[in-house]
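With UniProt numbering applied, the sequence shown corresponds to residues 1 to 306, in that order. Structure first, commentary second.
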Amino acid sequence: MLRLPQRRICSQAVEKIRLSSSLSGNGDFPILKGHKAAQDLSKDTLKSHETIKDKEGQHKVTKKEFKIYRWNPDKPNTKPFLQSFFVDVSTCGPMVLDVLQKIKAEEDPSLSYRRSCREGICGSCSMNIDGTNTVACLKPTNSDTSKPTIITPLPHMYVIKDLVIDLTNFYQQYKSVEPWLKTRKPPKDGREHLQSPNDRKKLDGLYECILCACCTTSCPSYWWNPEEFPGPAALLQAYRWISDSRDEFREERLQAITEDERKVYRCRAIKNCTATCPKGLNPASAILKMKAKHSLPDPVKRIERA
Numbered sequence: 001m002l003r004l005p006q007r008r009i010c011s012q013a014v015e016k017i018r019l020s021s022s023l024s025g026n027g028d029f030p031i032l033k034g035h036k037a038a039q040d041l042s043k044d045t046l047k048s049h050e051t052i053k054d055k056e057g058q059h060k061v062t063k064k065e066f067k068i069y070r071w072n073p074d075k076p077n078t079k080p081f082l083q084s085f086f087v088d089v090s091t092c093g094p095m096v097l098d099v100l101q102k103i104k105a106e107e108d109p110s111l112s113y114r115r116s117c118r119e120g121i122c123g124s125c126s127m128n129i130d131g132t133n134t135v136a137c138l139k140p141t142n143s144d145t146s147k148p149t150i151i152t153p154l155p156h157m158y159v160i161k162d163l164v165i166d167l168t169n170f171y172q173q174y175k176s177v178e179p180w181l182k183t184r185k186p187p188k189d190g191r192e193h194l195q196s197p198n199d200r201k202k203l204d205g206l207y208e209c210i211l212c213a214c215c216t217t218s219c220p221s222y223w224w225n226p227e228e229f230p231g232p233a234a235l236l237q238a239y240r241w242i243s244d245s246r247d248e249f250r251e252e253r254l255q256a257i258t259e260d261e262r263k264v265y266r267c268r269a270i271k272n273c274t275a276t277c278p279k280g281l282n283p284a285s286a287i288l289k290m291k292a293k294h295s296l297p298d299p300v301k302r303i304e305r306a
């Protein structure tokens, strides 16, 4: 079972915690939930702070419901369920990841999810938000408070806990395309393999993949054949190295990915992958280009064709 480290709480976080409270039955005493630092704050200080904010008009409470998928492997008798959290979105950042951070810090530290860079670079915080695969750090919070935001793990993947999925097979498929530069001899100057600006430009739209798995987990072909079909992310990287002028095994790469009918030809061009990519890449186009290269009789033409 994966256990995520609890986030440290800083003074800014405490300040935000002070703003999130629910009134007791008689409407007098604010019951603070979550981190002990929030519970230790005095009632008078909290009320004074809220009064100032209300008078100055600096803080307007905007509660929104977030329904989050919960499942704990330590409680096998409890089925997965959607847990509702009501968050004042005016007191946190604009992205869904900010909301998750707030919930974990202030309401439920047991909530598990992956995150790292918070800048759309690492791909760690991938999940399904309102029916679309994306990364939480790049997904703006829907300001419409009349309906909840539903957050679930990426579909058709084994769940480790809550929003954390098992990516073992995903990385195995990625490894299968050998995503590294392969050469038969060292560079002439013994230092590096040079590449012209025009050849380098051919890699645009290919190398930027952050391995978030949003595309792969939206692909029906991968749902049906995860052990055999590499998936859009792996195939995009296969084409990235087939297109690299420095690689000296491009023909072998193309042959390996096209001769097995369970690989590139398992793609049905549904294009869910392109529609859901948070980086705006086009795996479907890369797969079609590999099919086109394979259809040409001359190996040189297959490699040099754009």
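We put the CB at the ideal spot given by N, CA and C, even for glycine.
Asked, Found
"Among all the DSSP beta bridges, which residues are the ones paired with ARG70?", "PHE81"
"May I ask which residues mark the beginning and end of the beta strand (DSSP E) holding THR149?", "149-152"
"Drop a sphere of 10 angstroms on the beta-carbon of ASP244, count the other beta-carbons inside from all chains shown, and report buried for 16 or more, exposed for fewer.", "buried"
"Going by CA-CA distance only, name the one from ASP189, GLU251, SER84, PRO226 that's closest to TYR171.", "PRO226"
"What did DSSP end up calling PHE249 once you bin it into helix, strand or coil?", "coil"
"Does the contact criterion of 3 or more C-beta pairs under 8 angstroms hold for the region 213-229 versus the region 238-258?", "no"
"By Cβ distance below 7 angstroms, which residues in the same chain neighbour ARG191 in space, the five residues on each side in sequence not counted?", "none"
"Applying the criterion that 16 or more other CB atoms from any shown protein chain within 10 Å of the CB defines a buried residue, is LEU181 buried or exposed?", "exposed"
"Suppose the cutoff is 6 angstroms on Cβ atoms and the five residues either side in sequence are ignored; what does the same chain contact list for PHE249 look like?", "LYS182"
"Residues bridged to ASP162 by DSSP?", "Per DSSP, none; premise fails for ASP162."
"Rounded C-beta distance between CYS215 and CYS273? I'm assuming under 8 angstroms.", "4 angstroms"
"Which residues in the same chain have their Cβ closer than 6 angstroms to the Cβ of PHE86, if we skip the five residues on either side of it in sequence?", "LYS63, GLU65"
"Let me know the alpha helix (DSSP H) ranges lying completely inside the UniProt domain \"4Fe-4S ferredoxin-type\" (199-229), each 4 residues or longer, listed in chain order.", "220-224"
"Could you give the residue range of the alpha helix (DSSP H) that holds SER176?", "168-176"
"Taking the alpha helix (DSSP H) that VAL99 falls in, what are its first and last residues?", "96-106"
"What does the Cβ neighbour count give for PRO232, buried or exposed, with the cut at 16 atoms within 10 Å?", "buried"
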